[in-house]
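Worksheet: the structure to be examined is printed underneath.
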Amino acid sequence: MKFKIESKPSPLRQLDNIKQLKTVLKPIKTDKDGKFLDTLLIQCDLLHKTIGKDFSSSDHDHIDIRCDVFFDIPLSSIAWVGNGSDYFLQESNKNSGEAIFRDKKELGEYLQGLERIPSIIMPIKLELSQKIGDAKSKFTYELIG
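Here our numbering runs 50 ahead of the position in the sequence shown, where the first position is 1.
Structure follows, in structure tokens:
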């Protein structure tokens, strides 16, 4: 018996760059000096680079990839590639507007206004939605310690 097995990879990336994604999903230790603000911003940039890896700007007409990482404080890291490309940290509070933070000063002012900041900021959920050509997928992962 012989079967014809399709050998080309799926058009959807899923989570193929696990090493870089592990870096983005690491807990962030907070400090009084605010160095953790840089870490949050750097991890957001790395998330953007991870989902956009191997795509050229000419590919952007055919793709739409978005990844959101939610933390245990009202903050999320958002990156997308397709019809443009961007990344930022965003307030994720249902009771108010969702402010966007692109620099350390804005982010620090927002976090200082929170009731409390834990000693370690934990990513708790990752949502990845993607459309590449005609293929679509959406994955939601609950992240456990």
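Glycine is no exception: its CB is placed at the ideal position from the N, C-alpha and C atoms.
Annotation for L75: P173 place their beta carbon closer than 6 Å to its own, counting only its chain and skipping 5 residues before and after.
In the three-state DSSP reduction, L96 falls in the helix class (H, G or I). In this structure, DSSP gives S108 a helical state, which the three-state scheme calls helix. Between I113 and K186 a beta carbon distance of about 11 Å is seen, past the 8 Å cut, so the two are scored as non-contacting. It is roughly 20 Å from the alpha-carbon of K154 to the alpha-carbon of T73. Under the DSSP assignment, K175 falls in the beta strand (DSSP E) whose first and last residues are P173 to I182. According to the DSSP secondary-structure assignment, E192 is paired through a beta bridge with K175. Counted as a single uninterrupted DSSP element, the alpha helix (DSSP H) harbouring E159 occupies residues K154 to Q162. Straight across, the Cα-Cα distance linking N143 with S126 is about 10 Å.
With respect to the 7 Å criterion, H98 and Y160 are not classified as neighbours on the basis of their beta carbons.
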